[in-house]
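Report on the structure given below.
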Amino acid sequence: MKFSEQWLREWVSPALATQALAEQVTMAGLEVDAIERVAGVFSGVVVAEVLSREPHPDADKLSVCRVDDGSAEPVQVVCGAPNVAAGQKVAFARVGAVLPDDAKADGFKIKQAKLRGVESRGMICSASELGLAEETSPGILELPRDAPAGVDLRDWMGLEDATIEVDLTPNRGDCLSLKGLAREVGVLNRMAVNEPDVAAQVAVHDASFPVDVSAVEACPRYVGRIVRNVDVNATTPLWMAERLRRSGVRAISPLVDITNYVMLELGQPMHAFDLANLEQAIEVRYAREGETLVLLDGQQIALREDTLIIADAEKPLAIAGVMGGEFSGVSDATRDVFLEAAFFTPLTVAGQARSYGLHTDASHRFERGVDPALTRQAIERATQLLLAIAGGEPGPLSETASPDHLPAERHIVLRAARLEQCLSMPLPGEEAVDILTRLGMQVSAQGDMGWRVGVPSWRFDVAIEEDLIEELARIHGYNRLPVRRPAARLSLQADDEARQPLARLRRQLVARGFQEAISYSFVAPELQVLLAPGVEAPRLANPISSDMAVMRASLLPGLLKALMHNLNRQQQRVRLFESGLVFRGDLDSLEQTAMLGGLVCGPRDPEGWTARRDDVDFFDLKGDLESLLAMGGNRDAWRFEPAEDPVLHPGQTAAVLHLGQRVGWIGALHPAVRAELGLKSDPLVFEIELDRLVHGRLPRFAALSRYPEVRRDLALVVDESVAVQALLDTLRDQAGEWLTDLHLFDVYQGAGIAEGYKSVALGLTWQHPSRTLNDEEINQLVEAIVAESRQRLGAELRG
């Protein structure tokens, strides 16, 4: 939530600088994310009145104006804004003024100049030129007619102000308003809070609009009022527009701005209906089958039957607590309005906005809990502001309430002994009572045992004794609590030496140039279908957003999104890995499997004068994966076999097998999938079950032989379709128990080798533990190897 520091200080103003105030609020659990100026840095800008406006003699789009800036003589200035007119009050930069300029640290200085031959001494400014608007303004900034000419604009508009952005946790919905924040600051500084005086507005007519609440369990309180003869030509006063702007809300029209202002000030979302568009009665009910609603943003949605709506006798008007429909809003033709304020239970509104792909300020507040005692005050405050700004004739308040369904009063017993135990220090009873009382709680002593505490209606997050203890610790100051180490008898856990920790695998990948990625466990449904076709995964009932609506069935979607994020920022060499759970099946048969995935893309080596300039290929990533497989000390348990996968490139895909069971895959991304994602690079990816990877084999001692090794190199010619692994397996079967090393050192196709065949060169090493092997023994083993390879695989010794 964003708020203006000046606005807050009208409620409560401790003797703290802005940064100190932000730190105090943060230490109390309301984390401050940012502090920003409400306007650009400028000087020499004053309020001025446009006395006259004449067309420029040599430029159709320029005007020659005379302005009164409070000095002795009127000033001539050339202006290009289309909305400048005589009689306006404007922001005028005198000669010598300095305006904000992103390109210059010291700003842009206004000088006397000639524009198309006409002298101009100063500049009439737009809101964006003063840093009062993020987007370029179409015209000059118009000030109220009562603005005094010659007064410094910064002082008159109170621009020595800061916007403070607070990142509230979901349980602190009571602080989503100036009232809530001021209450917190007042408690922290032991100061009274100066709330605006909101008097009950006297009804001048007796008209009311019927309200029928059928869903009383979801909307136990609904308050409304008719205000007739509102001035449609009224404009939002600058002070209100500025407070809205500094709170991150754009001013639109008086009626809309007033409801937004009350929401920011008190925390109660409201709505203003055009009374002329309402038929017979307001109905608060659940949607019916087949009903649709066109929202204020023009989007048409089909309403579900579990959605609470506001309707009249003929049509739905709004999704309760979320957003109004196009027929519910006010317009320039509105004369009579129906103001509403309601209490919707948090569970009713929770998730409704996101389920329709929406997120509004109202839903953000109702989901966290809005004070059920606030509705009447909000209506009175909105009426008060409306009468002051746009006039009108208020009617009586009408309230529909179901006390049995309103949140019940909560009382919690706080034990002094439990408080001391949790805080590790005795907190004086007077201080505890003082803190709780200033937090709005009703406290009564329960002898020496503790206190009985009544929780205020706005604190939905306080339900048990520990919540009260947390409040006391928070206000007393976490930094003032003693630090004590817990006393506990700890026993050593057994260490499975055959299991290698995930941290070791991570370090290995980092050492090979990878960086760890951490992505969400939720992915977009369309991305899941593309990258894990045919795999069922749970769909979220209440997703954070539409592109995070299903649980991931693979690590690949997250890795590819991270790749695209990096490629879009000119990072061409990307090497990423991620570990985490994937989810497959429906909720009744859900399988959660820990996986390790990796991705490489771009040049093989980092840029440098000695670096190779070619891109990574399949064997680069296979080598990285093999380095992980070898860490368990049981490399022979792993196999790679050619495989097919709709997501991976044909001919560049392999299944990873452990003890004959498929536990992962590796390959290049399929060109069709790559084109669907808009990738121009060729990423290579792998994914493997983590449990198989972390389980290894304990090393065993074996004495080194003192006798010489014997090596033989064999070049076997086989059909090019024969996998080298099959050849290696055959050689191991026939090489006997004294074989100590077998490795591939060459594969050749070309001159001297028939087409369709390949020559595979292998090195075999034998060593006996207790004697020297002779040539006859080795020759017999070689003959057996060649014979078995010929029989199994059609292999022949290369001549």
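Numbered by the working numbering, the letters in the sequence shown go through residues 29 to 827 in order.
Positions of the beta carbon are idealized from the N, C-alpha and C atoms, including for glycine.
| Supposed close pair Val260, Thr362 - CB separation, criterion 8 angstroms | 6 angstroms
| According to the neighbour-count rule (16 or more other Cβ atoms, all chains shown, within 10 Å of its Cβ), is Val441 buried or exposed? | The residue is exposed, with fewer than 16 neighbouring Cβ atoms inside 10 Å.
| message | I'd like to know whether the C-beta atoms of Phe488 and Gly201 end up nearer to each other than 8 angstroms. | response | yes
| said: What does the alpha-carbon distance come out to for the pair Arg271 and Asp462? | reply: 33 angstroms
| said: As a quick exercise: from Leu790, Pro736, Val53 and Ala731, pick the residue whose alpha carbon is nearest that of Gln753. | reply: The option with the nearest alpha carbon to Gln753 is Leu790.
| request: Using alpha carbons as the reference points, say which of Val194, Ala516, Ala406 and Ile347 lies closest to Leu49. | output: Val194
| Sheet register partners of Cys128 (DSSP bridge) | Correcting the residue identity first, residue 128 is Pro in this sequence and not Cys. None, per the DSSP bridge assignment.
| query | Which residues in the same chain have their Cβ closer than 7 angstroms to the Cβ of Gly860, if we skip the five residues on either side of it in sequence? | reply | Outside the modelled stretch of the chain, which goes from 29 to 827, sits residue 860, for which no answer is possible.
| field | Whether Asp885 touches Ala177 by CB criterion (8 angstroms) | value | Residue 885 lies beyond the stretch modelled for the chain, which goes from 29 to 827, so this question has no answer here.
| request: Would you decide whether Asn288 is buried or exposed? Buried here means 16 or more other CB atoms lie within 10 Å of its CB. | output: buried
| task | Step through the CB atoms of chain D and report whether any lies within less than 8 angstroms of the CB of Ala304. | result | Although the question refers to chain D, the structure presented lacks it and comprises just one protein chain.
| CB-CB under 7 angstroms to Leu236, same chain, minus the five flanking residues each way: which ones, in chain order? | The sequence shown places Ser at residue 236, rather than the Leu named in the question. Closer than 7 angstroms at Cβ, skipping near neighbours: Ile254, Gly423, Pro424 and Ser426.
| Top-ranked residue by Cα proximity to Ala18, from Met453, Arg149 and Leu591 | A question about residue 18 goes unanswered here, because the residues of the chain that appear run from 29 up to 827.
| query | Nearest-angstrom Cα distance between Val398 and Glu494? | reply | 22 angstroms
| Helix, strand or coil at Thr335 [DSSP, three-state] | coil
| request: Drop a sphere of 10 angstroms on the beta-carbon of Asp798, count the other beta-carbons inside from all chains shown, and report buried for 16 or more, exposed for fewer. | output: Note on residue identity: the sequence assigns Ser, not Asp, to residue 798. Per the 10 Å Cβ criterion, exposed.
| field | Complete beta strand (DSSP E) runs within the stretch 433-462 (minimum length 3 residues, chain order) | value | As for any beta strand (DSSP E) of minimum length 3 sitting wholly inside the stretch 433-462, the runs are 438-443, ordered along the chain.
| So does Asp174 have its beta carbon nearer than 7 angstroms to some heavy atom of the ligand HEM? | Within the structure as shown, the ligand HEM is missing, as the structure has no ligands at all.
| field | Cutoff 7 angstroms; reference Val123; Cβ partners in own chain excluding five residues on either side | value | Ile138, Lys139, Gln140, Arg149 and Gly150
| Phe372 in three-state terms, based on DSSP | coil
| Given Gly68, which residues of its chain have a CB within under 7 angstroms of its CB, disregarding the five upstream and five downstream residues? | Pro128, Leu158 and Gly159
| query | Nearest-angstrom Cα distance between Gly252 and Arg438? | reply | 28 angstroms
| Is the distance from the Cβ of Gly630 to the Cβ of Val610 below 8 angstroms? | no
| Can you give the Cα-Cα distance for Glu408 and Gln229, rounded to whole angstroms? | Between Glu408 and Gln229, the C-alpha separation is close to 6 angstroms.
| Own chain, CB closer than 7 angstroms to Leu181, minus 5 neighbours either side, in chain order | The residues are Val73, Val74, Val75 and Ala119.
| field | Boundaries of the alpha helix (DSSP H) in which Thr54 is found, first to last residue | value | Thr46 to Met55
| message | If I follow the unbroken alpha helix (DSSP H) through Glu38, where does it start and stop? | response | Glu33 to Trp39
| Whether Leu792 touches Arg739 by CB criterion (8 angstroms) | yes
| Roughly how many whole angstroms lie between the Cα atoms of Val221 and Val40? | Each residue's Cα considered, the two are about 5 angstroms apart.
| request: Drop a sphere of 10 angstroms on the beta-carbon of Phe647, count the other beta-carbons inside from all chains shown, and report buried for 16 or more, exposed for fewer. | output: exposed
| Within the stretch 246-321, ranges of the alpha helix (DSSP H) (whole runs, at least 4 residues) | Listed in chain order, the complete alpha helix (DSSP H) runs (minimum 4 residues) inside the stretch 246-321 are 266-274 and 282-294.
| field | Val60 beta carbon less than 8 angstroms from that of Ala113 | value | no
| query | By a C-beta neighbour count over all protein chains shown, 10 Å radius and 16 as the cutoff for buried, is Phe729 buried or exposed? | reply | It counts as exposed.
| Where DSSP assigns a beta bridge to Cys629, which residues make up the other side? | Partner(s): Val602.
| query | Can at least three beta-carbon pairs, one atom from the stretch 378-394 and one from the stretch 412-423, be found at a separation below 8 angstroms? | reply | Because the criterion of three Cβ pairs below 8 angstroms is not met, the stretch 378-394 and the stretch 412-423 do not touch.
| Counted within 10 angstroms of its Cβ, other Cβ atoms place Glu458 as buried (16 or more) or exposed | By the neighbour-count rule (16 or more Cβ atoms within 10 Å), Glu458 is not buried but exposed.
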